[in-house]
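J.: Chains as they are written, first to last, in our numbering: chain A, 1247 to 1498; chain B, 1247 to 1498.
Backbone N, C-alpha and C define an ideal beta-carbon position, used for all residues, glycine too.
Here it is: the structure, laid out below.
Number of protein chains: 2
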Amino acid sequence: MSRYIVRMPGPRFTLDRSSPVPLYFQVAEQFEHAILSGEIAPGERIDNEIALAKDLGLSRPTMRQAIQVLVDKGMLVRKRGVGTQVVHGKIRRSVELTSLFDDLSAAGQKPRTEVLAVGKVAAEEDVAHELQLGIGDDVWSLERLRFVGKQPLAVMHNFIPLDVVDLDAVDLEKTGLYAHMRTSGILMRVARQRIGARGAGADEAALLGEKKGAPLLTMQRTAYDNAGRAVEYGRHAYRPDLYAFELTLVDR
Amino acid sequence: MSRYIVRMPGPRFTLDRSSPVPLYFQVAEQFEHAILSGEIAPGERIDNEIALAKDLGLSRPTMRQAIQVLVDKGMLVRKRGVGTQVVHGKIRRSVELTSLFDDLSAAGQKPRTEVLAVGKVAAEEDVAHELQLGIGDDVWSLERLRFVGKQPLAVMHNFIPLDVVDLDAVDLEKTGLYAHMRTSGILMRVARQRIGARGAGADEAALLGEKKGAPLLTMQRTAYDNAGRAVEYGRHAYRPDLYAFELTLVDR
DNA sequence: GACGTCAATATGTCAGGACAAAGGGTTGAC
DNA sequence: GTCAACCCTTTGTCCTGACATATTGACGTC
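Set out below in structure tokens:
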């Protein structure tokens, strides 16, 4: 195993060329850590690509690729003729292709799920349209109520084509829908989301402990796999006092 | 001017090497067009990078860069050992660093803006915190009401540090805040958004033609420039029957 | 002293080549 | 007939090298 330790003006970087982790990614990771820890301050300029590449024993394209990762994350900004500088230390993780369950788990909370109904139903027009099926075709319908602590947080209604997964023998109160789909070999690559708001219906209000007509945050999501096949369509409603969507935008 | 016309299995691509537009971008644009027009169908596999590069008279890195642009947009998916295929023909433009004004203008609508109040106010705690200022420091405060057609769509309240722009001599009913900031040399590169919902207050309700307590879609945004300086903080409320946020997520 | 010009600097773009790794299909042994 | 081993295809990673272009600051001229 060849292992280089490089000393730089600011941080110390370690490269492991025997690792399966790509070199550009190793560099990006350590740069990110140095920025997040404040070792490199926002506004500060980092060394130019050529010098960095030379110091680390890398080629310039590889060094550029590493920097590009952080530029895409919105942590660095490049300016031709000037250099590359740190924009902002604490970038929140951008909205990703994860579920509320994942989000809460990552936040260290203990989400609880109550399955209200699972079964096959005939697809209504909008469901059929989103899932690229015919109207009236059978699809899985899954209604769940999500709690955080003891408080009801969201009602979630998902529709899934029958040939994507089998929901019969699954304990969806424990695994989470997305986790189950992933372990079933369904790889979701692209999703379209629509975030809006509306007043709570009577049934939703009862489930969420709100009054009828109370404002709810809504999200509709259609997820597609590698082949462009629609594999999931969900309509969710969140209590706005407990949940909001955060995202970081980067202009490129 | 050298101009090559290349014939391919599917589409015909044109490269202009004398153009200031980068080659990889020219290729990406034409690929995108071919996909959006349906010339290349979703699910279809495109030629491998090496063949494409050869056909177009480009190097493989340049060809890869072109494909990468569309992968980042979520239109193409790469699989090692397999190939690159079209995921989804109609990707909506992802949420970008633009304003509602830009969005509506692009959609061909005629947005109208009514400035409710402009002036300097002492920053409250949350405003000061978001803009990295001291509590009580003077900031620009701008309240506007946005119409689409004759219908009120959103109330927008923006706060801007005094040293970023001068709002006194500006006709904000015509230009739009973001457009004015751009022409003032303010380049916004990163923004953090938080999307939620709540009930309308009495004043908002009156402005938007809704009842008090009616559900509103809310968005808070803090925008930063190249140097990581906070240049704008906005609190907006939208009528949910007229507006929603759409975004496309790509898992990478 | 003001202004235009030029050089230094740094990123942007592009070429061409090499090997590694993953996925899928084929072939072969049992 | 089944399953493992092998090979082919294609993308992933990395290298060296070169020129273009935007920005800044220094220098020189007027």
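1. Where does R1485/B fall in DSSP's three states?
2. For P1255/B, does the three-state DSSP call read helix, strand or coil?
3. Does the structure place the stretch 1316 to 1331 of chain B close enough to the stretch 1370 to 1379 of chain B that three or more beta carbon pairs sit under 8 Å?
4. Is it the case that the Cβ atoms of P1461/A and G1445/B are separated by a distance below 8 Å?
5. Just checking: is the beta-carbon of R1291/B within a distance shorter than 8 Å of some beta-carbon in chain A?
6. Could you tell me if the beta carbon of M1434/B falls within a distance shorter than 7 Å of some heavy atom in the ligand SAH?
7. Considering only C-alpha positions, which residue in the set L1282/B, V1477/B, P1486/B is nearest to S1387/B?
8. In its own chain, which residues sit with a C-beta less than 8 Å from the C-beta of E1450/B, not counting the 5 before and 5 after it?
9. What number of angstroms, rounded off, separates the C-alpha of M1427/B from the C-alpha of V1411/B?
10. What residues from the stretch 1459 to 1470 of chain A come within 7 Å of chain B, judged by C-beta to C-beta, listed N to C?
11. Do you know offhand how far A1443/B's Cα is from P1486/A's?
12. From P1257/B to V1496/B, what distance separates their C-alpha atoms?
13. Looking at V1332/B and G1289/B, is the spacing between their C-beta atoms short of 8 Å?
14. Are L1304/B and L1269/B touching if we call contact CB-CB under 8 Å?
15. Would you tell me roughly how many angstroms separate the C-alpha atoms of Q1276/A and D1262/A, rounded to the nearest one?
16. Under the rule that 16 or more other beta-carbon atoms within 10 Å means buried, what is P1266/A, buried or exposed?
17. Excluding sequence positions up to five away, which residues of its chain have a Cβ less than 6 Å from the Cβ of R1481/B?
18. Taking buried to mean at least 16 other C-beta atoms within 10 Å of its own C-beta, is P1307/B buried or exposed?
19. From V1385/B to G1422/B, what distance separates their C-alpha atoms?
20. Only counting the same chain, and skipping five residues up and downstream in sequence, which positions put a Cβ closer than 7 Å to that of A1274/A?
21. Listed from N- to C-terminal order along the chain, which residues in the stretch 1296 to 1316 of chain B have their beta-carbon within a distance smaller than 7 Å of any beta-carbon of chain A?
22. Which chain A residues sit within Cβ distance under 8 Å of V1332/B?
23. With a threshold of 8 Å between beta-carbons, can Q1276/A be considered close to chain B, or not?
24. Does DSSP put T1359/A in a helix, a strand or coil?
25. 8 Å is my cut-off, CB to CB: does F1491/B come that close to chain A?
26. For D1372/A, does the three-state DSSP call read helix, strand or coil?
27. Identify each residue in the stretch 1429 to 1452 of chain B for which the Cβ-Cβ distance to at least one residue of chain A is less than 9 Å, and report them in chain order.
28. Just checking my contact of F1393/B with Y1479/B at CB under 8 Å: how many whole Å lie between their CB atoms?
T.: Let me lay it out:
1. coil
2. With a pLDDT of 42 at P1255/B, under the threshold of 50, the modelled position of this residue cannot be trusted; read the value that follows with caution. Coil at P1255/B, not helix or strand.
3. no
4. yes
5. no
6. No copy of the ligand SAH occurs in the structure displayed, which carries no ligand at all.
7. V1477/B
8. V1401, E1456, L1462, A1483
9. 7 Å
10. P1461, L1462, L1463, Y1470
11. 5 Å
12. With a pLDDT of 48 at P1257/B, under the threshold of 50, the modelled position of this residue cannot be trusted; read the value that follows with caution. Distance between the alpha carbons of P1257/B and V1496/B: 26 Å.
13. yes
14. yes
15. 12 Å
16. exposed
17. H1403, Q1466
18. exposed
19. 18 Å
20. A1312, V1315, L1316
21. none
22. G1474
23. no
24. strand
25. yes
26. helix
27. L1433, M1434, R1435, V1436, A1437, R1438, Q1439, R1440, I1441, G1442, A1443, R1444, G1445, A1446
28. No, F1393/B and Y1479/B are not in contact; Cβ-Cβ is about 23 Å, not under 8 Å.
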